[in-house]
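Using full-length UniProt numbering, the letters of the sequence shown map in sequence onto residues 1 to 331.
From the three backbone atoms N, C-alpha and C, an ideal C-beta is built for every residue, glycine too.
Predicted model, so just to flag it, every value in this text is computed and none were measured.
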Amino acid sequence: MRVLVTGGAGFIGTNFVRLTLQTRPDVAVTVLDALTYAGSRDNLADVQERLEFVHGDITDATLVDDLVRRCDVVVHFAAESHNDNSLRDPSPFVRTNLVGTFTILEAVRRHGVRLHHISTDEVYGDLALDDPAKFTPSTPYNPSSPYSSTKAGSDLLVRAWVRSFGVAATLSNCSNNYGPYQHIEKFIPRQITNVLSGIRPKLYGAGENVRDWIHVDDHNTAVWAVIERGRIGETYLIGADGERNNRDVLRTVLELMGRPADWYDQVTDRVGHDLRYAIDASLLRSELGWEPAYTDLRAGLTQTIAWYEQHRQWWQAAKDAVEARYAEAGQ
């Protein structure tokens, strides 16, 4: 099998590529990545001899067509994905998430190539904190930010190309990922690297917003389950029953890192901050037989903390600039 991984030098894509090389030696991997600030060739430096790396943009139709023509499956991770950045400047989100996905779809349509499209639970908007409901594949879309709205648009493009043109595609919407190689602007690695840098962690508002956390390796084993056994045209929700509010996650990180539970500062909340996400992954489990390996968030956080402790050279150079941007916004 020849697999093209878009965004394969970013957080989830990097972990997908590494998992694939570890568990599927018969799969030939090509990575296409624009190497924006959130992606780095260093993420794949120790496995670069085992893959083909192409530095390029998913909106480059000529390049994308050539790469898709030579593969059997496209796994489409490439996206602009940080809510705060989308609020500052939505334009890259429109270009990458919408125009880029359109470009991929046209290429797989021309060449009859299988596509798996990676998306997010944020397309569904949010749930009330006291609502027992969870997102399902039939939950109406109700995105809140330029990020989530452009991801919702990309999902709808994929669904339309399946129905109108017979493109062989599946979709997955996943809950919040954490784990190695995640950019330090994101919530969990930001707090871990703050503690490692002697900086008090920062909590938006009261920290009551709930996310459904999943370790990135569990996300990627689920993606492979969908690629290998999923029904064309189906949307699978990926989650590990990891609902925790941000305050509890931060306090767990502090405890695991030997700091007092109240050693953090409350900062200005994000505009339009969604209250709660929760995933019903029963279809994925019952139909495809997938189960998460990290069912204990503490265990997953312990592994993640250890990775950031052992890979200071990976994040340290960018730390000051990231914190300066947050300080400018009062966060």
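Which residue from the options puts its Cα closest to that of residue i?
| i | options | result |
| --- | --- | --- |
| V113 | R285, R190 and D65 | D65 |
| L237 | T59, N97, Y124 and V75 | Y124 |
| A318 | I184, V267 and M257 | I184 |
| A261 | E243, L203 and Y308 | L203 |
| T14 | R325, P180, I232 and R244 | P180 |
| S119 | N176, Q191 and L63 | N176 |
| R229 | L288, P189, Q310 and F187 | L288 |
| G100 | R70, E122 and L63 | L63 |
| W314 | D33, L32, R41 and R18 | R41 |
| D26 | Y37, R50 and F187 | R50 |
| N246 | I188, Y37, M1 and Q48 | I188 |
| E328 | Y308, Y294 and V267 | V267 |
| G207 | V47, H219, R244 and D218 | R244 |
| R259 | P137, P201 and F102 | P201 |
| I58 | L254, T36, S138 and Q191 | T36 |
| E309 | R24, P140, H117 and Q191 | Q191 |
| H311 | W224, D274, L297 and Q182 | Q182 |
| R70 | D248, V5, R18 and T23 | V5 |
| D248 | V223, W224, R211 and D274 | R211 |
| D33 | S164, D60 and V162 | D60 |
| D84 | S148, A299 and D46 | S148 |
| V223 | L67, P292 and L254 | P292 |
| G48 | F102, V68 and V17 | Per the sequence presented here, residue 48 reads as Gln, with Gly not at that position. With distances taken between Cα atoms, Q48 lies closest to V17. |
| residue 353 | R231, S164 and G300 | Only positions 1 to 331 of the chain appear in this structure, which leaves residue 353 out of reach. |
| F165 | R109, P146, R231 and D72 | R109 |
| F102 | G153, N142, D72 and P146 | G153 |
| K186 | A306, V322 and R231 | V322 |
| Y326 | W307, D265, S286 and A306 | D265 |
Determine, using beta carbons only, whether residue i and residue j come nearer to each other than 7 angstroms.
| i | j | result |
| --- | --- | --- |
| T20 | E52 | no |
| residue 346 | S172 | Past the boundaries of the shown model lies residue 346; the chain is included only from 1 to 331, so the question cannot be answered. |
| G10 | G56 | no |
| D269 | G330 | no |
| I279 | G239 | yes |
| T150 | L98 | yes |
| W263 | G242 | no |
| G272 | S144 | yes |
| L115 | V74 | yes |
| T304 | Y178 | yes |
| C174 | H219 | yes |
| W290 | L297 | no |
| D274 | D126 | yes |
| T235 | P137 | yes |
| H111 | V162 | no |
Taking Cβ positions only, does residue i come closer than 7 angstroms to chain B?
| i | result |
| --- | --- |
| E185 | As a matter of chain content, chain B is missing from the structure shown, which is built from one protein chain. |
Our contact map puts residue i next to residue j with C-beta atoms below 8 angstroms; I'd like the distance itself, whole angstroms only.
| i | j | result |
| --- | --- | --- |
| F93 | G8 | About 20 angstroms; that fails the 8 angstroms criterion. |
| R276 | N209 | 7 angstroms |
| A28 | V54 | The Cβ separation is near 13 angstroms, so there is no contact. |
| I12 | V216 | 6 angstroms |
| T302 | L256 | 6 angstroms |
| T96 | A107 | At roughly 16 angstroms, the Cβ-Cβ gap does not stay under 8 angstroms, so T96 and A107 are not in contact. |
| F135 | D121 | 6 angstroms |
| D72 | M1 | 5 angstroms |
Q: Report the residue ranges of all alpha helix (DSSP H) runs contained in full by the stretch 152-228; include only those spanning at least 4 residues, in chain order.
A: 187-196
Q: Can you check the stretch 238-317 for any beta strand (DSSP E) of at least 3 residues that lies completely inside it and give the ranges in chain order?
A: 243-245 and 265-267
Q) Can at least three beta-carbon pairs, one atom from the stretch 80-90 and one from the stretch 156-173, be found at a separation below 8 angstroms? A) no
Q. Can at least three beta-carbon pairs, one atom from the stretch 189-201 and one from the stretch 123-137, be found at a separation below 8 angstroms?
A. no
Q: Output the residue ranges of the alpha helix (DSSP H) runs that lie fully inside the stretch 95-134 and measure 4 residues or longer, sorted by chain position.
A: 101-111
Q | Runs of alpha helix (DSSP H) wholly within the stretch 10-59 (minimum 4 residues, chain order) | A | 11-23
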